[in-house]
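Report on the following structure.
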Ligand SMILES: Nc1ncnc2c1ncn2[C@@H]1O[C@H](COP(=O)(O)OP(=O)(O)OP(=O)(O)O)[C@@H](O)[C@H]1O
Ligand SMILES: [Mg+2]
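Residue numbers (my numbering): 8 to 298.
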């Protein structure tokens with residue numbers, strides 16, 4: 008049996024045979040604002056929830072900026088900073104040198120300790136822009152993936168410039184080609200609850216869902232993907248707070264881990280959305296097998 012790593016992105020794992028095959032590189036493609044960073048952070052923080060470590064490779068933003076962004080989405084990265092969450096800041100001009108020399112050394116040290124680690128490269132776009140030479144781009148991206156996969160699953164985000172509904176742009180074909188899996192995010196600014204969609208373009212070694220799946224953001228929990236048609240009983244007359252309180256009671260009753268209860272509490276505090284949280288809560292319960 009191949010080992011699969013649960014992404015922690017609610018609704019996604021059931022579409023990819025339970026998770027991502029260990030030591031593979033996944034690319035999240037989408038235009039600006041679709042939720043790539045949110046996906047990546049959620050994947051990383053889920054690992055930390057269950058006792059793994061996280062490595063965040065950044066290019067433009069400092070760790071402080073990223074931790075601030077994470078806080079807004081409901082993840083407390085500071086608590087884990089340099090304990091089980093680490094950052095590598097690949098800066099500007101000497102990408103090539105860093106990727107070819109420093110990174111492998113760093114990885115070697117970590118892999119010697121044999122700690123389960125999730126890696127995020129967000130955004131990976133600057134690596135593509137570092138050079139116009141396609142061969143060089145291919146070499147850099149290939150090395151980045153190859154080196155970091157040594158540690159565990161690598162999730163890299165790539166920005167695309169196509170508009171919703173258009174075919175994937177040429178500028179992102181290389182990372183797509185080199186990755187073991189690709190998830191495409193789109194945003195249709197038309198209002199409503201589920202106006203963001205996810206599609207699995209490829210996932211090597213995996214029989215994956217082939218539809219277009221809507222997803223929402225829930226502050227405190229992250230991305231929630233609707234992986235199957237849902238029928239939630241309309242809890243008529245109940246306020247959203249009451250729905251959350253009931254969910255929290257049920258979760259405790261079902262002996263859910265503390266971090267799950269905490270997530271529901273954070274979600275309750277952050278639920279300012281104009282629609283009922285019932286479906287989102289249902290997907291989260293399914294994810295943690297709370298029945
Ligand atoms: N919990 C949330 N609730 C509501 N909206 C959210 C939530 N999390 C993120 N968003 C919205 O989604 C947007 C995009 O999120 P994110 O930063 O993950 O996208 P991105 O694809 O990484 O964008 P970029 O290309 O700018 O890096 C945010 O600007 C924010 O408006
Ligand atoms: Mg981003």
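Note that CB positions come from ideal geometry on N, CA and C, so glycine has one too. The structure displayed is predicted, hence computed values, not measured ones.
Item to complete: With a 10 Å radius around its C-beta and 16 neighbouring C-beta atoms as the bar for buried, classify residue 249 as buried or exposed.
Response: Residue numbering aside, residue 249 sits at position 242 when the chain shown is read from its first letter. Burial check for residue 249: the Cβ neighbour count within 10 Å stays below 16, so the residue is exposed.
Fill in: N- and C-terminal bounds of the alpha helix (DSSP H) containing residue 114
Indexing the chain shown from 1 puts residue 114 at position 107. Segment 110 to 120, the alpha helix (DSSP H) holding residue 114.
Fill in: Three-way DSSP call (helix, strand, coil) for residue 230 in this model
As a position in the chain shown, residue 230 is number 223, starting the count at 1. In the structure shown, residue 230 sits in a strand (DSSP, three-state: E or B).
Fill in: Segments of 4+ residues assigned as alpha helix (DSSP H) that fall wholly inside the stretch 233 to 277
Contiguous alpha helix (DSSP H) elements confined to the stretch 233 to 277 occur at 247 to 260, 265 to 277, taking only those with 4 or more residues.
Discussion item. Can you tell me where the alpha helix (DSSP H) holding residue 73 begins and where it ends?
Written reply: In the chain shown, the residue the question calls residue 73 occupies position 66. Element bounds for residue 73: 70 to 80.
Item to complete: Run the CB neighbour count on residue 294, radius 10 Å, all protein chains shown included, and call it buried at 16 or more, exposed below.
Response: For the purposes of this step, residue 294 is identified with residue 287 of the chain shown, where counting begins at 1. So residue 294 ends up on the buried side.
Fill in: Residues of its chain near residue 147, where Cβ-Cβ distance is below 8 Å and the 5 sequence neighbours each way are ignored
For the purposes of this step, residue 147 is identified with residue 140 of the chain shown, where counting begins at 1. So the list reads 102, 103, 106, 134, 137, 138, once near-sequence residues are dropped.
Discussion item. Whole angstroms are fine: how far does the CA of residue 20 sit from the CA of residue 110?
Written reply: Here residue 110 corresponds to residue number 103 of the chain shown, with the count starting at 1. Here residue 20 corresponds to residue number 13 of the chain shown, with the count starting at 1. Those two C-alpha atoms are separated by around 30 Å.
Practice prompt. Determine which residues share a DSSP beta bridge with residue 49 and list them.
Written response: For this step, residue 49 is matched to residue 42 along the chain shown. DSSP, once it has assigned bridges, lists no residue as partnering residue 49.
Fill in: Inter-residue Cα distance where the pair is residue 209 and residue 68
On the chain shown, residue 209 is found 202 positions in, with the first residue counted as 1. On the chain shown, residue 68 is found 61 positions in, with the first residue counted as 1. Taking the straight line from one Cα to the other gives about 29 Å.
Worksheet item: Should residue 143 be labelled buried (16 or more other beta-carbon atoms within 10 Å of its own) or exposed?
Response: Working through the chain shown from its first residue, we reach residue 143 at position 136. Looking at its Cβ environment, which holds fewer than 16 other Cβ atoms inside 10 Å, residue 143 is exposed.
Practice prompt. Quick one: using the 10 Å Cβ neighbour count with 16 as the cut-off for buried, is residue 187 buried or exposed?
Written response: Residue mapping note: residue 187 aligns to position 180 of the chain shown, counting from 1. So residue 187 ends up on the buried side.
Discussion item. With distance defined between alpha-carbon atoms, name the residue in 245, 9, 46 nearest to residue 189.
Written reply: Here the question's residue 189 lines up with position 182 in the chain shown. Measuring from the Cα of residue 189, the nearest candidate turns out to be 46.
Item to complete: Return yes when at least one heavy atom of ligand 2 lies under 7 Å from the C-beta of residue 236, else no.
Response: Taking the first residue of the chain shown as position 1, residue 236 is located at position 229. Checking every heavy atom of ligand 2 against the Cβ of residue 236, none is found closer than 7 Å.
Practice prompt. Compare the beta carbon distance of residue 213 and residue 16 with 8 Å and say whether it is the shorter of the two.
Written response: Within the chain shown, numbered from 1, the residue matching residue 213 stands at position 206. Within the chain shown, numbered from 1, the residue matching residue 16 stands at position 9. Contact flag unset, no.
Discussion item. Give me the DSSP bridge partner(s) of residue 184.
Written reply: The residue you call residue 184 lines up with position 177 of the chain shown. Note: residue 184 sits in no beta bridge, so no partner.
Discussion item. Does the beta-carbon of residue 315, which I'm using as the reference point, lie nearer than 7 Å to any heavy atom of ligand 2?
Written reply: This structure gives no information on residue 315, because the portion of the chain shown stretches from 8 to 298.
Item to complete: Kindly indicate which three-state DSSP category residue 130 falls into: helix, strand or coil?
Response: The count along the chain shown starts at 1 and reaches residue 130 at position 123. Note: residue 130 maps to coil in three-state DSSP.
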